[in-house]
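Asker:
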Amino acid sequence: MEDPTEADAVVESPSEGLPEEEATEEQANSSEYVILAYNVPEAYTVSMMEELIAKTLPNVKKPTVMVPPPWEDRSCYPLRITCSNVETYDAILAKQDIWVKSDVMNQASQAITFMAGDMMDIPHVPFKSDAMLLMKEHSEQDVASQV
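Using this note's numbering, you'd call the opening residue of the sequence shown number 38 and step up by one each time.
The following block contains the structure:
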(Lines of atoms letter the chains of each structure in order from A; the text may use other names.)
(Lines give C-alpha, C1' and ligand atoms only; values in the text may rest on other atoms or scores of the structure.)
Protein backbone atom coordinates (compact mmCIF):
# COMPACT_ATOMS: atom_id res chain seq x y z
CA MET A 38 0.00 0.00 0.00
CA GLU A 39 1.26 3.50 -0.87
CA ASP A 40 2.06 6.03 1.76
CA PRO A 41 -0.93 8.47 1.60
CA THR A 42 1.25 11.49 2.34
CA GLU A 43 3.40 10.83 -0.73
CA ALA A 44 0.47 10.04 -3.04
CA ASP A 45 -1.50 13.14 -2.01
CA ALA A 46 1.49 15.49 -1.89
CA VAL A 47 1.00 18.69 -3.82
CA VAL A 48 4.03 20.05 -5.59
CA GLU A 49 3.92 23.84 -5.78
CA SER A 50 6.70 24.15 -8.35
CA PRO A 51 5.48 25.47 -11.73
CA SER A 52 8.16 23.43 -13.46
CA GLU A 53 7.01 20.06 -12.09
CA GLY A 54 7.74 17.23 -14.47
CA LEU A 55 10.17 19.22 -16.60
CA PRO A 56 13.80 18.20 -16.80
CA GLU A 57 16.03 20.52 -14.77
CA GLU A 58 17.54 22.24 -17.85
CA GLU A 59 14.09 23.06 -19.25
CA ALA A 60 12.90 24.36 -15.88
CA THR A 61 15.76 26.82 -15.57
CA GLU A 62 15.35 27.96 -19.17
CA GLU A 63 11.63 28.55 -18.55
CA GLN A 64 12.39 30.55 -15.40
CA ALA A 65 15.07 32.58 -17.20
CA ASN A 66 12.70 33.42 -20.06
CA SER A 67 10.14 34.86 -17.64
CA SER A 68 12.31 37.95 -17.06
CA GLU A 69 14.43 37.94 -20.17
CA TYR A 70 13.39 41.40 -21.38
CA VAL A 71 15.44 44.05 -19.58
CA ILE A 72 15.15 47.82 -20.04
CA LEU A 73 17.41 50.44 -18.49
CA ALA A 74 15.77 53.71 -17.41
CA TYR A 75 18.22 56.61 -17.27
CA ASN A 76 17.81 60.10 -15.81
CA VAL A 77 15.13 59.07 -13.30
CA PRO A 78 14.70 61.74 -10.58
CA GLU A 79 16.31 60.58 -7.34
CA ALA A 80 13.06 61.13 -5.46
CA TYR A 81 11.23 58.58 -7.63
CA THR A 82 10.36 55.34 -5.86
CA VAL A 83 9.64 51.97 -7.45
CA SER A 84 5.89 52.48 -7.07
CA MET A 85 6.07 55.96 -8.62
CA MET A 86 7.93 54.55 -11.62
CA GLU A 87 5.41 51.69 -11.98
CA GLU A 88 2.52 54.20 -11.82
CA LEU A 89 4.21 56.42 -14.41
CA ILE A 90 4.58 53.50 -16.83
CA ALA A 91 0.98 52.38 -16.19
CA LYS A 92 -0.32 55.93 -16.78
CA THR A 93 1.77 56.48 -19.92
CA LEU A 94 1.26 52.99 -21.38
CA PRO A 95 -2.08 51.72 -20.00
CA ASN A 96 -2.33 48.68 -22.29
CA VAL A 97 0.85 46.89 -21.17
CA LYS A 98 1.44 44.36 -18.42
CA LYS A 99 3.01 45.76 -15.26
CA PRO A 100 6.80 45.43 -15.45
CA THR A 101 9.10 44.90 -12.47
CA VAL A 102 11.19 47.92 -11.52
CA MET A 103 14.46 47.47 -9.62
CA VAL A 104 16.47 50.30 -8.07
CA PRO A 105 20.26 50.17 -8.09
CA PRO A 106 21.79 48.45 -5.06
CA PRO A 107 22.81 50.80 -2.22
CA TRP A 108 26.50 50.69 -3.18
CA GLU A 109 25.70 52.11 -6.64
CA ASP A 110 25.10 55.85 -6.80
CA ARG A 111 21.46 56.37 -7.77
CA SER A 112 22.31 59.36 -9.94
CA CYS A 113 24.87 57.40 -12.00
CA TYR A 114 23.15 54.04 -12.46
CA PRO A 115 19.83 53.37 -14.22
CA LEU A 116 16.73 51.75 -12.84
CA ARG A 117 16.38 48.24 -14.23
CA ILE A 118 12.99 47.24 -15.59
CA THR A 119 12.18 43.62 -16.41
CA CYS A 120 9.23 42.76 -18.61
CA SER A 121 7.50 39.41 -18.64
CA ASN A 122 6.52 39.63 -22.31
CA VAL A 123 7.84 41.10 -25.53
CA GLU A 124 4.79 43.35 -26.05
CA THR A 125 5.48 45.30 -22.85
CA TYR A 126 9.19 45.43 -23.68
CA ASP A 127 8.56 46.77 -27.19
CA ALA A 128 5.96 49.31 -26.01
CA ILE A 129 8.29 50.81 -23.39
CA LEU A 130 11.25 50.95 -25.79
CA ALA A 131 9.06 52.52 -28.49
CA LYS A 132 8.19 55.31 -26.04
CA GLN A 133 11.94 56.17 -25.74
CA ASP A 134 11.39 59.12 -23.35
CA ILE A 135 8.86 60.17 -20.73
CA TRP A 136 9.01 63.79 -19.61
CA VAL A 137 8.42 64.35 -15.88
CA LYS A 138 8.56 67.27 -13.48
CA SER A 139 11.67 66.78 -11.37
CA ASP A 140 11.09 69.29 -8.58
CA VAL A 141 8.31 70.10 -6.15
CA MET A 142 7.60 73.49 -7.67
CA ASN A 143 7.04 71.84 -11.08
CA GLN A 144 9.48 74.33 -12.56
CA ALA A 145 12.00 71.94 -14.11
CA SER A 146 11.33 68.88 -16.20
CA GLN A 147 13.54 66.08 -17.38
CA ALA A 148 13.24 63.11 -19.70
CA ILE A 149 13.45 59.57 -18.40
CA THR A 150 15.12 57.68 -21.24
CA PHE A 151 14.60 53.98 -21.91
CA MET A 152 17.26 51.79 -23.51
CA ALA A 153 17.42 48.07 -24.20
CA GLY A 154 19.41 46.05 -21.70
CA ASP A 155 20.10 42.37 -21.08
CA MET A 156 20.33 39.96 -18.16
CA MET A 157 23.95 41.04 -17.56
CA ASP A 158 22.57 44.43 -16.46
CA ILE A 159 20.75 42.83 -13.53
CA PRO A 160 23.16 43.04 -10.57
CA HIS A 161 24.22 39.86 -8.85
CA VAL A 162 22.91 39.81 -5.29
CA PRO A 163 25.96 39.14 -3.13
CA PHE A 164 26.11 37.37 0.17
CA LYS A 165 25.32 39.58 3.16
CA SER A 166 29.01 39.84 4.08
CA ASP A 167 29.87 40.92 0.51
CA ALA A 168 27.07 43.49 0.52
CA MET A 169 28.34 44.89 3.83
CA LEU A 170 31.87 45.14 2.42
CA LEU A 171 30.59 46.96 -0.67
CA MET A 172 28.58 49.36 1.50
CA LYS A 173 31.65 50.04 3.67
CA GLU A 174 33.78 50.78 0.58
CA HIS A 175 31.04 53.02 -0.81
CA SER A 176 30.74 55.00 2.44
CA GLU A 177 34.55 55.35 2.68
CA GLN A 178 34.62 56.74 -0.87
CA ASP A 179 31.89 59.24 0.06
CA VAL A 180 33.86 60.41 3.11
CA ALA A 181 37.08 60.70 1.07
CA SER A 182 35.36 62.73 -1.64
CA GLN A 183 33.99 65.19 0.93
CA VAL A 184 37.44 65.91 2.39
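Ideal Cβ placement from N, Cα and C applies to all residues, glycine included. Quantities reported herein were computed from a predicted structural model and do not represent experimental measurements.
On the DSSP bridge list, what partners appear for residue 121?
Answerer: Answer by DSSP bridge pairing: none, since residue 121 is not bridged.
Asker: Should residue 103 and residue 116 be called a contact, given that it needs their Cβ atoms to be closer than 8 Å?
Answerer: yes
Asker: Where does residue 152 land, buried or exposed, given buried means 16+ other C-beta within 10 angstroms?
Answerer: In summary, residue 152 is exposed, with fewer than 16 beta-carbon neighbours lying within 10 Å of its beta-carbon over all protein chains present.
Asker: Is residue 126 helix, strand or coil when you go by DSSP?
Answerer: helix
Asker: What does the alpha-carbon distance come out to for the pair residue 77 and residue 130?
Answerer: 15 Å
Asker: How about residue 137 and residue 147: are their beta carbons less than 8 Å apart?
Answerer: yes
Asker: Taking the alpha helix (DSSP H) that residue 83 belongs to, which residues open and close that run?
Answerer: Where residue 83 is concerned, the enclosing alpha helix (DSSP H) stretches over 83 to 93.
Asker: Per DSSP, residue 138 forms a beta bridge with which residues?
Answerer: Residue pairing by DSSP places residue 138 opposite 146 in a beta bridge.
Asker: Note down, in chain order, each residue of its chain lying with its Cβ closer than 7 Å to the Cβ of residue 25, except the 5 sequence neighbours on either side.
Answerer: The shown model of the chain, from 38 to 184, leaves out residue 25, and the question about it has no answer.
Asker: Three-state secondary structure (DSSP) at residue 53?
Answerer: With a pLDDT of 40 at residue 53, under the threshold of 50, the modelled position of this residue cannot be trusted; read the value that follows with caution. Three-state result, residue 53: coil.
Asker: Just to confirm my understanding: we take residue 112, look at its own chain, exclude 5 residues before and 5 after, and list those with CB closer than 8 Å. What are they?
Answerer: 79
Asker: Could you tell me which residues DSSP pairs with residue 152 in its beta bridges?
Answerer: DSSP links residue 152 through a beta bridge to 73.
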